[in-house]
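A.B. asks: Using my numbering, the first residue of the sequence shown is number 25, and each one after it goes up by one.
Encoded as structure tokens, here's the structure I'll be asking about.
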Amino acid sequence: MEAKLAISGGSKAVKAEEVLCRRSSMNYKYENRKDFVFKICRLGLWYLNCHTCGEESFHEILDRQLPIYRLTTLWDGKNHPANSDFPRTNSQWCQLADELQMLYKDNKLDSLVFEEKGFDLLYPYIKGRIQTDIENWPWIPCGYSPHKLPEENVFDIFAFDDIESADQRVVCFHIANICMPESPFKDMNARAHGLLNMVKAIKHRFPSVEKIECDSWLNSFEPFLKLFPASYPQKNEVQPKVGYGFNWWGQFLSRDGSFHNRHGKIMRQTGKFPFVSRTGICDIDNVEEYLLLKL
Numbered sequence: 025m026e027a028k029l030a031i032s033g034g035s036k037a038v039k040a041e042e043v044l045c046r047r048s049s050m051n052y053k054y055e056n057r058k059d060f061v062f063k064i065c066r067l068g069l070w071y072l073n074c075h076t077c078g079e080e081s082f083h084e085i086l087d088r089q090l091p092i093y094r095l096t097t098l099w100d101g102k103n104h105p106a107n108s109d110f111p112r113t114n115s116q117w118c119q120l121a122d123e124l125q126m127l128y129k130d131n132k133l134d135s136l137v138f139e140e141k142g143f144d145l146l147y148p149y150i151k152g153r154i155q156t157d158i159e160n161w162p163w164i165p166c167g168y169s170p171h172k173l174p175e176e177n178v179f180d181i182f183a184f185d186d187i188e189s190a191d192q193r194v195v196c197f198h199i200a201n202i203c204m205p206e207s208p209f210k211d212m213n214a215r216a217h218g219l220l221n222m223v224k225a226i227k228h229r230f231p232s233v234e235k236i237e238c239d240s241w242l243n244s245f246e247p248f249l250k251l252f253p254a255s256y257p258q259k260n261e262v263q264p265k266v267g268y269g270f271n272w273w274g275q276f277l278s279r280d281g282s283f284h285n286r287h288g289k290i291m292r293q294t295g296k297f298p299f300v301s302r303t304g305i306c307d308i309d310n311v312e313e314y315l316l317l318k319l
């Protein structure tokens, strides 16, 4: 028989933990968010400099593989340069991207100079958004969908996307650290209860749903995988390309909301992400059964 997750204090303790986590999430310090935003943008510029090859790839990487745009005041929560319908005529972002490309061409042999000058160019746009994102933490609307996810879709650190059709079979879910400055994996019992509650809610409200799915670097992180049955992680399904989302770049966010310096150092030393983004998907019934056995 599989070992059960440790339970301390029963459901009341779990409820208290959820309340504590939600209260802690309101304490995202400005300096920590600034540290993350500034350093992730610098890392993104470093990545851009290392991976650009040819005229077209600069904009391709900047728009489709880096998180920078959504960290600027230019992001409206709807239009993104990775999308084909992005309004490029007189676009302030496109002008900014062209200026970054000019800096890249001028400093092609000096990555540090490009990183410094590029950051200076981005500075007013990223600094101006910091407070807005703090106020919307942890479910920053523009971080997960154009509109804020309904409260009834949020369960502990988990939240699932709106169902688009009555016969939808698969629903995607997301993860955010509501326990800041603590790690969300400090209390696995509370996380298991949160996941179970989400699964039950989906089954009750949307009977057509058969599977839950998540694309994330956390699917390469063993503590997170303990919440799911063995059928969940698709270990061979690595995302074909690095994307601009936090399913890749979220691993550089530390538990207190600052930049994860150790992961950043690994990236700069190896040129690789410490954790690759993988797909996780399995039958919703299997997840429920697994958690009921564990709790």
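Here a beta-carbon is modelled for each residue, glycine too, at the ideal position from N, C-alpha and C.
This one's a predicted model, so the numbers in the text were calculated from it and none came from an experiment.
Can you list, in chain order, the residues of its chain with a C-beta nearer than 8 Å to that of Glu312? Leave out the 5 residues immediately preceding and following it.
C.D. replies: Leu220, Val223, Lys224 and Lys227
A.B. asks: Have a look at Trp99 and Phe60 and give me their C-alpha separation to the nearest angstrom.
C.D. replies: 18 Å
A.B. asks: Is Phe245 closer than 7 Å to Phe299 when the C-beta atoms are compared?
C.D. replies: yes
A.B. asks: Quick one: what's Arg302 bridged to in DSSP?
C.D. replies: Within the DSSP bridge table, the entry for Arg302 names Ser240 and Val262 as partners.
A.B. asks: Which residue from Phe184, Glu176, Ala183 and Pro231 puts its Cα closest to that of Arg193?
C.D. replies: Minimum Cα distance to Arg193 is reached at Pro231.
A.B. asks: Check whether the segment 151–160 and the segment 179–199 touch, using three or more Cβ-Cβ pairs below 8 Å as the test.
C.D. replies: Put simply, the segment 151–160 does not touch the segment 179–199. Fewer than three CB pairs are less than 8 Å apart.
A.B. asks: Using DSSP bridges, identify the partner residues of Val194.
C.D. replies: Lys235
A.B. asks: Taking the beta carbon of Leu317 as the centre, do at least 16 other beta carbons fall within 10 Å, making it buried, or is it exposed?
C.D. replies: exposed
A.B. asks: Tell me, please, which residues DSSP counts as bridged to Phe179.
C.D. replies: Phe182
A.B. asks: In angstroms with no decimal places, state the Cα-to-Cα distance between Ile181 and Asn201.
C.D. replies: Using only the alpha carbons, I get a separation of about 6 Å.
A.B. asks: With DSSP as the reference, label Ile158 as helix, strand or coil.
C.D. replies: helix
A.B. asks: Do the CB positions of Leu120 and Gly142 come within less than 7 Å of each other?
C.D. replies: No, they are not a contact pair.
A.B. asks: Within 8 Å, do at least three Cβ pairs link the segment 274–294 to the segment 246–263?
C.D. replies: With the cut-off at 8 Å, the segment 246–263 and the segment 274–294 do not touch.
A.B. asks: Does the distance from the CB of Phe184 to the CB of Phe197 come in under 7 Å?
C.D. replies: Going by C-beta atoms, Phe184 is nearer than 7 Å to Phe197.
A.B. asks: With a 10 Å radius around its C-beta and 16 neighbouring C-beta atoms as the bar for buried, classify Thr113 as buried or exposed.
C.D. replies: exposed
A.B. asks: Does the distance from the CB of Trp161 to the CB of Tyr52 come in under 7 Å?
C.D. replies: yes
A.B. asks: When the Cα of Asp307 is compared with those of Lys235, Gln258 and Phe138, which residue comes out closest?
C.D. replies: Lys235
A.B. asks: If you follow the alpha helix (DSSP H) that Ile202 is in, where does it begin and where does it stop?
C.D. replies: No alpha helix (DSSP H) holds Ile202; DSSP gives it neither H nor E.
A.B. asks: Which residue wins for smallest C-alpha separation from Gly281, given the options Lys259, Leu319 and Cys203?
C.D. replies: Cys203
A.B. asks: Measuring only the C-alpha atoms, how far is Thr97 from Cys74?
C.D. replies: Rounded to whole angstroms, Thr97 to Cys74 spans 26 Å at the Cα level.
A.B. asks: I need the straight-line Cα distance from Pro264 to Thr303, nearest angstrom please.
C.D. replies: 11 Å
A.B. asks: Taking Asp239 and Ser189 to be in contact with their CB atoms under 8 Å, please state how far apart those CB atoms are, rounded to whole angstroms.
C.D. replies: With 8 Å as the limit, Asp239 and Ser189 do not qualify as a contact, their Cβ atoms being about 20 Å apart.
A.B. asks: Locate the alpha helix (DSSP H) running through Ala121, then write down its first and last residues.
C.D. replies: Gln116 to Asp130
A.B. asks: Taking the CB atoms as reference points, tell me whether Ile150 and Cys65 lie closer together than 7 Å.
C.D. replies: yes
A.B. asks: Distance, Cα to Cα, Phe276 vs Asn56?
C.D. replies: Rounded to whole angstroms, the separation of the alpha carbons of Asn56 and Phe276 is 12 Å.
A.B. asks: According to DSSP, is Asp211 part of a helix, a strand, or is it coil?
C.D. replies: coil
A.B. asks: Out of Arg229, Met212 and Asn131, which one is the CA nearest neighbour of Pro247?
C.D. replies: Met212
A.B. asks: Among Ile158, Gly274, Thr294 and Leu315, which one has its Cα closest to the Cα of Gln89?
C.D. replies: Gly274
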